[in-house]
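The block underneath contains the structure these notes are about, expressed in structure tokens.
There are 4 protein chains.
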Amino acid sequence: FQYTKCKMDDYYAPGRNHLFVPGPVNIPEQVLRAMNRNNEDYRSPAIPAMTKVLLEDVKKIFKTITGTPFLIPTTGTGAWESALTNTLSPGDRIVSFLIGQFSLLWIDQMQRLNFNVDVIESDWGAGANLEVLGSKLAADTGHTIKAICIVHNETATGVTNNLAAVRKLLDHYQHPALFLVDGVSSICALDFRMDEWGVDVALTGSQKALSLPTGMGIVCASPKALEASKTSKSVRVFFDWKDYLKFYKMGTFWPYTPSIQLLYGLRTALDLLFEEGLDNVIERHSRLAKATRLAVEAWGLKNCTQKEEWFSDTVTAVVVPSYIDSSEIVRRGWKRYNLSLGLGLNKVAGKVFRIGHLGNLNELQLLGCLAGVEMILKDVGYPVKLGSGVAAACAFLQNTIPMIPSRI
Amino acid sequence: FQYTKCKMDDYYAPGRNHLFVPGPVNIPEQVLRAMNRNNEDYRSPAIPAMTKVLLEDVKKIFKTITGTPFLIPTTGTGAWESALTNTLSPGDRIVSFLIGQFSLLWIDQMQRLNFNVDVIESDWGAGANLEVLGSKLAADTGHTIKAICIVHNETATGVTNNLAAVRKLLDHYQHPALFLVDGVSSICALDFRMDEWGVDVALTGSQKALSLPTGMGIVCASPKALEASKTSKSVRVFFDWKDYLKFYKMGTFWPYTPSIQLLYGLRTALDLLFEEGLDNVIERHSRLAKATRLAVEAWGLKNCTQKEEWFSDTVTAVVVPSYIDSSEIVRRGWKRYNLSLGLGLNKVAGKVFRIGHLGNLNELQLLGCLAGVEMILKDVGYPVKLGSGVAAACAFLQNTIPMIPSRI
Amino acid sequence: FQYTKCKMDDYYAPGRNHLFVPGPVNIPEQVLRAMNRNNEDYRSPAIPAMTKVLLEDVKKIFKTITGTPFLIPTTGTGAWESALTNTLSPGDRIVSFLIGQFSLLWIDQMQRLNFNVDVIESDWGAGANLEVLGSKLAADTGHTIKAICIVHNETATGVTNNLAAVRKLLDHYQHPALFLVDGVSSICALDFRMDEWGVDVALTGSQKALSLPTGMGIVCASPKALEASKTSKSVRVFFDWKDYLKFYKMGTFWPYTPSIQLLYGLRTALDLLFEEGLDNVIERHSRLAKATRLAVEAWGLKNCTQKEEWFSDTVTAVVVPSYIDSSEIVRRGWKRYNLSLGLGLNKVAGKVFRIGHLGNLNELQLLGCLAGVEMILKDVGYPVKLGSGVAAACAFLQNTIPMIPSRI
Amino acid sequence: FQYTKCKMDDYYAPGRNHLFVPGPVNIPEQVLRAMNRNNEDYRSPAIPAMTKVLLEDVKKIFKTITGTPFLIPTTGTGAWESALTNTLSPGDRIVSFLIGQFSLLWIDQMQRLNFNVDVIESDWGAGANLEVLGSKLAADTGHTIKAICIVHNETATGVTNNLAAVRKLLDHYQHPALFLVDGVSSICALDFRMDEWGVDVALTGSQKALSLPTGMGIVCASPKALEASKTSKSVRVFFDWKDYLKFYKMGTFWPYTPSIQLLYGLRTALDLLFEEGLDNVIERHSRLAKATRLAVEAWGLKNCTQKEEWFSDTVTAVVVPSYIDSSEIVRRGWKRYNLSLGLGLNKVAGKVFRIGHLGNLNELQLLGCLAGVEMILKDVGYPVKLGSGVAAACAFLQNTIPMIPSRI
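Protein chains in written order, with the working numbering: chain S, 82 to 489; chain D, 82 to 489; chain F, 82 to 489; chain V, 82 to 489.
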């Protein structure tokens, strides 16, 4: 007999991988445990009973009472398609904002789905131009605009848009357009208020601030969106809300097989969020983001986000000097420090690298990352003062980190 | 301090759940282990490298060399939509077979996607009527039929269709229609030969014979199907092969975030299949199915499948006497024996219950299930001779089970 | 890049391993999940808090209020040594019963620890000879006997001794000897009443009816045993209760590092036992054992246990005809059916094989095993009627299995 | 139905726990995966086959060819007892060094096991006084000293003793005393050479640098130690090497039930160590330790270790100013930062806190810890310059961290 030595990993490195891409993010041990299970019959009483409560509880992360959630076995891209095809018909005019790679991809999807997209473009690094939106709404007395589509948090540039202001504009002009929001890198991390802001469809993906594996697109529809779905002429089957609603009514909930593991994972992810308290979670994200920005400043580098009002609390895109290729920073993080950072995408490729600071994460994890970034910066020839970013971050954090409530 | 007692499970029962629904099926421990992991950056070199080999290896389960596989974060329903929308245009004439609930659902999808479906219906329990197909092909000298869509194994009735015969007909009439096959409850369990049978699109789902969690739809396209995808006018984005092909070319492989866990799970599932040998896997399914049918016969019950040529080796639908409600059998299995059986669906609701015998399963697991079914039958008033089905199954199995190669 | 194919298991076989050795036994998924975790600082407040409640709760499985439990990082053999060395001094006279391999090993340990062992031997298959014990107690007016040591359930032969009768004898003769009980294959499965039966030290191992991994020896001492430990002259350090008691008093509980994983595993194992109800657990073991014995009878084979009063509800040792080597049965189970049975040990090697039916196990799992044994018997040339044992077991079980309370 | 909300953890905190106690240490995901498995029959061919190779491979971590290893289901304390009782007889004279809490505990064990311990005491913070050893050896012409017992790395004070120098002295005086070494917090992390240094018994515990859960004491005996075990008169059973050797000879390897999970865990831990390369592992520990010491220096704090020659590469004990209670530092780490540091023990309680930097750990993890310590120091009133320690550590690390070989 010869025990077969097995190469454990093709890219093995000792210690933890420091995962700071803005998704997929770190999964807490509690969730890994909950998902470590065999399949089950999803037609037994157990799964519908569990689903019923999940659907109630998941509404809390959208801050909605009147919304109807759908837990779809798909990714954020599928959730986008679900939002659009259920509420709009081919040819419908959509106003959308192009401010970075993910808003670009969503707009591309809209166009390929045959909607008539009226694009409001900003510099990459700026937020949605709401003045232009105002003009368009003012001009649209005939209500040709059927929907406003906006990415709450543009993951490519670290820009957070002001959704309350969008709602204010719609109200001001008494415009009936649907308000569709990509909350993929915001929900469960940034302040999000579906009902208060009159959002008609909000959506997120499991692998972002929920800290689950990829595979569940969570879409939440307002009563107005549900109403729209009854008349939408977009062709759809897999993403059709009708099938879900039919099974909701029957109490079996699933038009097709869900991932048993993701259901238990979601249950646990929600339990953790509720145990910490959603407001505390948001506060934690704000704290980690502020610490990151202070480090960036201390390094003498620029935030890709142009104005403070747009600073994202889930991802920071850092601009590197022109003599440095930001991709080299990401590569080096992986090759030397077991640190995973986000690449610059498309227009900002080579120019920015991104630090994702969302999901189930704490301050010391972030500080390890920041220390790593400092060493990488030095590696690639940027004259950083080692320790400077960490010092700036710590100075802020040491004043603001709360005691852990369960341990006081 | 008070340790919080936690109700572990709302439906706790001691011992293993005996999972014999025809999907989702039992996940082997090796796969659970492989999936027990944190998220990773899918843009690091590790995931593309792994994906590249997975795409090569997954072709083996389709028995194709020329096919192009897509690993889509979706379910079987999404895989159907991917197959149809990438290869056909609205209004295209499809010939499809209605022989049970899953063929029905696929046809429903075809219609809602605006294809012109020419349905060939059989009794539930019978296979596809290939004579009618022959006539239609013969008559279709103008080649108005753009595709033949067939469910290889109808999970609702336990009917396996003869794909080689379909190909023979197409060849006989030199008909250029695309040949699209739902292999959801067949691939990795039944004999399936994509290239030899000239299948243009074949598809399966991760939670079936691959024995993974739900969440990956695996679609494989022939060169002819890929060619068709270039001109198909069906609206699609999430399911569009174009995006995959673009990323394949770039070597990054993923147009949107994959489930890291399912990738490692698939790697392991394939490793296990290849270690056992695909032909041995198919042989094992054949053995388990035969044993099940012998038990059914011994119980004096009828197989829902009308002829031996259609007997399914992955699921057996058992017809109960009219004085028994088959749903009561399923309920009782769950409530008393921790046994999960499949319900009768739609037309055969209340009339049949189903035993799924697919995936990573062995003989003694099946025999435990069969013994359970016997007790349930007695519970619900059917005069079964206890032990009779197990005896019949054992008589066959004891003659046919091979030694476990790794342990000889 | 070349993905390294990894031989998953050197002895891979499809489907579940059917684990029917009398320990280590099947671990329920809930326990595996609970143990799937990183290490923790065992000096933080969390572990002592958890331990405190565990020590209270673990007393329930011994049915003791006055006992003091010790959770020792060791096996049953170590638990034996802990029981003996803490309560007795070298040269002390012990009366012990030799009825099978495990009582033999314990006696061997007693002798090597320099106790003066007065052995009462029975045939392998018979229980402890309590008449002889009676005579010895009657004769021992000088109280030279310091302890009675008895294995509650002899795992090698499937013999359960009558502990209440032992206590009755001690009381009858007003004999002050300590009453030490090996409950390794009984506690959490058989009726065990530490306080009522006046047991002074009871012990078990985590890998038996608690259904955990190996590694925790659980020893419970009566006040009288604790008192004895103060004067025992046996040399001991690792197993010394004094160190535990010192740390209990300090509230930190651990004289050396415990297995964090086993603590969480134990927590879950107890939660599951309490959820099912300890009496229901014992009833389930009784039911599974009766079913097994009925199968053995139906096969025309003899139970190694000579009288019904000694029948064990956790393990059944089956005598094979002299022309069959029972080891071949065990080998064949493993090589052909992925079934793990217990070997015959020492005096009964080659003559008996053992079916362990303890721990977190249900009826259909057992029936799968019994069906497997039938096929093996046929394989090795025994003229069994296939299905006969399963039929006999089912006839009994179908009348006695209760509904699953959580699912009614 | 009401889904039971379950308090996930009584001491829940978001993000990873930063585990920097000097044991138990972080378990890598690969090991957690390997251990996530059901029990198995340890008498099947699989476990002996695996054990055989494990016993060969485990010798590599001791750097021995002639040694015989024992994998004992116990902790370090049990491993100590195994080392002593197998090689020595009651009354035997042992020379041992008292330099901190763990050497103290071992000496306490020696005394309670009735050996005649000749203690050479040093200040806590100093290493073993080898001059005194020299005198004793010189004086012991009658060879009354039967063994030299030394803790390689005193975990309480962060002191590493010079084993080569001990051997040199023994050789110089041609003294035949056995050389017994506690390698609990050194083996797999510090340079350790059993054969070269003529160590007779070396031992470690699974939860230290092997990065496994607690529960396996690994003891390795030289041929001379094995020879001594044949005549040792110490009473022992559970820890008796004889039983192991008997089962080694039989090829079944286990005198009692091993933890299946720890065996697979050990297999994986060794695979990871060998993949990284044992010398690289030691180099990594040296690097992390140096970085830690530079941070301590930058904070203006003193290392408890008095001289550089004794600096430990696995744990650093940091002396706090007298106006600070070091326990408060540890408490605060846990209560505010989810950071687990080591308490000061016994003589240095309240005076030092300890940073464990051993096991499967990387630089960014350590830097997160160091940043945390800085904030804690500020919390408790020590005037640290935030960022100073991290800066000093980074300055060193950025120059010395190698590229990850598998990722170049």
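We put the beta carbon where it would ideally sit given N, CA and C, even for glycine.
It should be emphasised that the depicted structure is a prediction, and the values quoted were computed from it without experimental measurement.
Residues of chain S whose Cβ lies closer than 7 Å to the Cβ of residue 119 of chain F are, in chain order, 110. According to the DSSP assignment, residue 408 of chain F belongs to the alpha helix (DSSP H) that extends over 407-417.
For residue 119 of chain F, no alpha helix (DSSP H) segment is defined, and its DSSP state is neither H nor E. Closest by C-alpha distance to residue 360 of chain F, out of F:483, F:272, F:239 and F:228, is F:272.
Nearest C-alpha to residue 377 of chain V among V:466, V:320 and V:95: V:466. Taking every protein chain shown into account, the CB of residue 394 of chain V has 16 or more other CB atoms within 10 angstroms, so this residue is buried. Bounds of any beta strand (DSSP E) do not take in residue 439 of chain D, whose DSSP letter is neither H nor E. Neighbours of residue 378 of chain S across chain V, judged by C-beta separation under 9 Å, do not exist; the nearest C-beta is about 14 Å away. At a Cβ-Cβ threshold of 8 Å, residue 305 of chain S and residue 170 of chain S do not count as neighbours. Excluding residues up to 5 positions away in sequence, 278 lie with their Cβ nearer than 7 Å to the Cβ of residue 245 of chain F in the same chain. For the stretch 122-138 of chain S, the beta-carbon criterion of a distance under 8 Å to any beta-carbon of chain F is satisfied by 126. Along the stretch 393-415 of chain S, the positions whose C-beta sits under 8 Å from a C-beta of chain V are 415, read in chain order. For residue 310 of chain S, DSSP records no beta bridge to any residue. Bridge partners of residue 199 of chain S according to DSSP: S:176. Spanning the alpha carbons of residue 237 of chain D and residue 290 of chain D requires a straight line of approximately 16 Å.
Taking a beta-carbon distance threshold of 8 Å, residue 308 of chain V does not count as an interface residue toward chain F.
DSSP links residue 235 of chain S through a beta bridge to S:240.
Within the same chain, Cβ atoms closer than 8 Å to the Cβ of residue 191 of chain S are found at 165, 175, 177, 198 and 230, the five residues on either side in sequence being excluded. Per DSSP, the beta-bridge partners of residue 153 of chain V are V:298. Among the residues of chain S, those whose CB is under 9 Å from the CB of residue 100 of chain D are 119, 120, 121 and 122, following chain order. Collapsing the DSSP output to three states places residue 167 of chain F in a helix.
Residue 441 of chain S sits buried, since 16 or more C-beta atoms from the chains shown fall within 10 Å of its C-beta. In the three-state scheme derived from DSSP, where H, G and I count as helix and E and B as strand, residue 469 of chain D is classed as helix. In this structure, the CA atom of residue 460 of chain V is about 38 Å from the CA atom of residue 208 of chain S. A direct Cα-to-Cα measurement between residue 295 of chain V and residue 345 of chain V gives close to 14 Å. Neighbours of residue 471 of chain S in chain V, taken as residues at a C-beta separation under 7 Å, are given in chain order as 452, 468 and 471. For residue 91 of chain F, the nearest CB of chain V lies under 8 Å from its own CB, placing it at the interface with that chain.
DSSP places residue 475 of chain S within a helical segment (H, G or I) once states are collapsed to three. Per the coordinates, the alpha-carbon of residue 262 of chain V lies some 16 Å from the alpha-carbon of residue 226 of chain V. Per DSSP, reduced to three states, the secondary structure at residue 260 of chain D is strand. As DSSP reads the structure, residue 284 of chain F sits in a beta bridge with F:263 and F:300.
Contact between the stretch 310-327 of chain D and the stretch 116-133 of chain D is absent: fewer than three C-beta pairs spanning the two stretches fall below 8 Å. Secondary structure of residue 398 of chain D (DSSP, three-state): strand. Under the three-state reduction of DSSP, residue 485 of chain V is assigned to coil, being neither helix nor strand. Note on geometry: alpha-carbon atoms of residue 157 of chain S and residue 284 of chain S lie some 8 Å from one another. Residues of the stretch 341-372 of chain D with a C-beta atom less than 9 Å from some C-beta of chain F are 348, 349, 352, 353, 355, 356, 357, 361, 362 and 365, listed in chain order.
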